[in-house]
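If you're matching them up, the sequences are chains A and B in order. Using the numbering used here, the first residue of the first sequence is number 15, and each one after it goes up by one. Using the numbering used here, the first residue of the second sequence is number 106, and each one after it goes up by one. Cβ atoms here follow ideal geometry from the backbone N, Cα and C, with glycine treated the same way. Computed from a predicted model, the values in this text were never measured in an experiment.
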Amino acid sequence: MRNRNHARTQTDEVSLIGIPTEKEMHIILNILKNKRGPMAVIECFQQIPCNVCETSCQFGAIRIGRPMTNLPDFDQAKCRGCGVCVSKCPGLAIFVIDMNYSPGEAAVSLPYEFLPLPRIGEKVQALNRYGKPICFGKILKVASSENFDKTHVITISVPKKHAMNARSIRIPKNMRKEIGS
Amino acid sequence: MCKARETGRHRQEARETYDVAVLGSGPAGLMAAIEASRRNCRVLLIDENFKLGGQLFKQIHKFFGSSDHFAGTRGFRIGEMLAAELKNLRVETSLNTTVIGIFDAQSETKRLAIATYERSEEVLAKKVVVATGAIENVVPFPGWTIPGVMGVGAAQTLMNIFRVPPGKRSLIVGAGNVGLIVAYQMLQAGIDVAAIVEAMPRIGGYGVHAAKILRMGVPILLSHTIRKAIGTEHVEKAVITEVNKNFKQIRRKEKTIDVDIICFAVGLTPNTELTRLAGCEHAYAHELGGWIPLHDNTMETTVDGIYVAGDLAGIEEASVAIDGGKLAGVSAAEALGFTTAEEAEKVRKGIWKRLNELRSGPFGEPRRKANTRKVAEYRRKRENAQ
């Protein structure tokens, strides 16, 4: 299924600050309604001159075409959730989400360009789009390759209800204190 | 005076004439030198810094753009690639060298006065590509002379070139792309970013750049500005305040935050010193950062044989600077007969196609329009002159 409304035109409400507006969030949520395994979620809502995602996807799931200021046209049926686009997007705006990771949890893969890297199995804080801790997550995978050029792809498990908001991690220091505040 | 006579004059016989002199070795200058040298021009590339690449080596983030044209590659890697190519082509370079004058700009062979730490001398060149980039803007406020107040460019140089953190906790003034990107790089360098203040009610840069730092917990305060810096030996605190829609500061909304660096990211101004010295005509275009040397589609200014490229020709992105440099390099080579008019035109057509694409969309369109307007103004000026 193609997500046509995501393509070609910029949404009317361009966010003032870089956070998806409600309308834009609606587009993301639509993508995740019919679910198999992991799938890319592209949070790119402005017509900027960039088409790196298109060539990064070897399955042809992302199309930009011409001019390259087009918004990405994402074909869910072709996406394998491999996460290559996550590391390639210069705007760090692509995530991979697996809503069926476990009965209660979703897996979120996100780009990460900080040191030190988290360790597999480590418990971290999951942060929302404003950097606020929303829940704990467990590091499932840390993918790095020369091809990724230091944009590591970190996969964490979070409770399903937080899958659409967990967009960053913080490696704990006094983690207990901050959560719930 | 004395020194100039001693070193400058007696070397006069040894003066060499280059086909093309390129001033500035950022993305535009590097590309101009490469394109001219590829077509067998004898090129001299001059830069005042100790290293080639201009601002490219400070750019540790991945670039946007077309994937068949460096996009997705980190800036410093593009710098490495271009510098390697330059080396293969055996372009002569003169680093730590400042161009202090352009003389006889109107004549066929132009005289450049250059100065290094040891001496000053003259270089002759038939064509000159000026790619001197831009200077950071500042906003004055009480306390802006206290050490610790600097441009984001300076902070970026300290962090990414010299690997010295400029401070522990920063305030960034301006939420354009430069401010947003450097804020992110500060986080990467382990510097805490207290906030970004932006006087406009919306960010100026791309949403994705803002999202990257917001999700790391850095607040972006819209309709806010800096009121003053507090500190004696160095910055200790910053007072920020909300502004109303006429940009008037609202005193009762003041807030004091603990920071030890305050960085400006309030835009760039084309560095037109040399094009003014050369007598090029300039025109104002606020979309392009202010006064720019008028130029046509081949990047030639109103002075024959003097070309411009990069931020000097209008504040845009590195990808545009690379293309501008290519245009200037090819055009200079064509004017000297090192390539045919057909070949040059073919190359230029390809570049213009891509440039127009880079300048499409809501961010690029105003710049494309301003550019078209200025090229038309150039043509009018030229016709009137004839």
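State yes or no: is the beta carbon of residue i nearer than 8 Å to at least one beta carbon in chain A?
{"i": "B/E111", "result": "Note that B/E111 scores 43 on pLDDT, short of 50, meaning its location in the model is unreliable and no value can be drawn from it."}
{"i": "B/V313", "result": "yes"}
{"i": "B/K108", "result": "Its pLDDT being 42, under 50, B/K108 is placed unreliably in this model, and the coordinates cannot settle the point."}
{"i": "B/I325", "result": "yes"}
{"i": "B/I345", "result": "no"}
Is the Cβ-Cβ distance between residue i and residue j less than 8 Å?
{"i": "B/P398", "j": "B/A418", "result": "yes"}
{"i": "A/A120", "j": "A/A177", "result": "yes"}
{"i": "B/F162", "j": "B/F168", "result": "no"}
{"i": "B/P132", "j": "B/A423", "result": "yes"}
{"i": "A/C71", "j": "A/C99", "result": "yes"}
{"i": "A/V110", "j": "A/G118", "result": "no"}
{"i": "B/L292", "j": "A/G32", "result": "no"}
{"i": "B/P271", "j": "B/I366", "result": "yes"}
{"i": "B/R332", "j": "B/I345", "result": "yes"}
{"i": "B/V371", "j": "B/G279", "result": "yes"}
{"i": "B/T407", "j": "B/E392", "result": "no"}
{"i": "B/V243", "j": "B/F369", "result": "yes"}
{"i": "B/G238", "j": "B/N376", "result": "yes"}
{"i": "A/G79", "j": "B/V313", "result": "no"}
{"i": "A/A140", "j": "A/I148", "result": "yes"}
{"i": "B/V302", "j": "B/L276", "result": "yes"}
{"i": "B/T361", "j": "B/V348", "result": "no"}
At the level of alpha carbons, what is the spacing between residue i and residue j?
{"i": "B/E462", "j": "B/E488", "result": "29 Å"}
{"i": "B/C146", "j": "B/A137", "result": "11 Å"}
{"i": "B/G206", "j": "B/I219", "result": "7 Å"}
{"i": "B/I139", "j": "B/V323", "result": "41 Å"}
{"i": "A/M82", "j": "B/T250", "result": "43 Å"}
{"i": "A/E60", "j": "B/E470", "result": "Note that residue 60 of chain A is Gln in the sequence shown, not Glu. Rounded to whole angstroms, A/Q60 to B/E470 spans 13 Å at the Cα level."}
{"i": "B/G466", "j": "B/Y311", "result": "12 Å"}
{"i": "B/D416", "j": "A/V172", "result": "45 Å"}
{"i": "A/T69", "j": "B/R381", "result": "43 Å"}
{"i": "A/N187", "j": "B/R274", "result": "First, the residue type needs correcting, since residue 187 of chain A is Lys and not Asn in the sequence shown. Distance between the alpha carbons of A/K187 and B/R274: 18 Å."}
{"i": "B/K232", "j": "B/L217", "result": "11 Å"}
{"i": "A/V66", "j": "B/G336", "result": "45 Å"}
{"i": "A/E136", "j": "B/G180", "result": "33 Å"}
{"i": "A/K191", "j": "A/F162", "result": "Per-residue confidence for A/K191 stands at a pLDDT of 45, beneath the threshold of 50, marking its modelled position as unreliable; the derived number appears in the next sentence. In a straight line, the C-alpha of A/K191 is about 35 Å away from that of A/F162."}
{"i": "A/K155", "j": "A/C64", "result": "28 Å"}
{"i": "B/R484", "j": "B/Y222", "result": "41 Å"}
{"i": "B/T262", "j": "B/G430", "result": "23 Å"}
{"i": "A/R18", "j": "A/C58", "result": "The predicted model places A/R18 with a pLDDT of 43, which falls under 50 and marks its position as unreliable, so this point remains unresolved."}
{"i": "B/R459", "j": "A/K175", "result": "43 Å"}
Closest Cβ-Cβ distance between residue i and chain B: below 8 Å?
{"i": "A/R94", "result": "no"}
{"i": "A/N179", "result": "no"}
{"i": "A/A107", "result": "yes"}
{"i": "A/I31", "result": "yes"}
{"i": "A/C58", "result": "yes"}
{"i": "A/Q139", "result": "no"}
{"i": "A/T169", "result": "no"}
{"i": "A/G145", "result": "yes"}
{"i": "A/M39", "result": "no"}
{"i": "A/N65", "result": "yes"}
{"i": "A/P186", "result": "no"}
{"i": "A/S182", "result": "yes"}
{"i": "A/M82", "result": "yes"}
Under the rule that 16 or more other beta-carbon atoms within 10 Å means buried, what is residue i, buried or exposed?
{"i": "B/I355", "result": "exposed"}
{"i": "B/R144", "result": "buried"}
{"i": "B/H166", "result": "buried"}
{"i": "A/H40", "result": "exposed"}
{"i": "A/R143", "result": "buried"}
{"i": "A/E250", "result": "Because chain A is modelled from 15 through 195, residue 250 of chain A falls outside the range shown and cannot be assessed."}
{"i": "B/Q164", "result": "buried"}
{"i": "A/S116", "result": "exposed"}
{"i": "B/K317", "result": "buried"}
{"i": "B/Y389", "result": "exposed"}
{"i": "B/I420", "result": "buried"}
{"i": "B/F468", "result": "buried"}
{"i": "B/S212", "result": "exposed"}
{"i": "A/R181", "result": "buried"}
{"i": "A/V138", "result": "buried"}
{"i": "A/K159", "result": "A small fix is needed here, since residue 159 of chain A is Ser in this sequence, not Lys. A/S159 should be labelled exposed."}
{"i": "A/I108", "result": "buried"}
{"i": "B/D428", "result": "buried"}
{"i": "B/K353", "result": "exposed"}
{"i": "B/R268", "result": "exposed"}
The segment 130-148 of chain A contacting the segment 76-95 of chain A, beta-carbon criterion three pairs below 8 Å: no
With three or more beta-carbon pairs closer than 8 Å as the criterion, would you say the segment 154-161 of chain B touches the segment 191-202 of chain B? yes
Taking 8 Å as the cut-off, does the segment 450-459 of chain B touch the segment 428-438 of chain B (at least 3 CB pairs, one atom from each stretch)? Segments in contact, yes.
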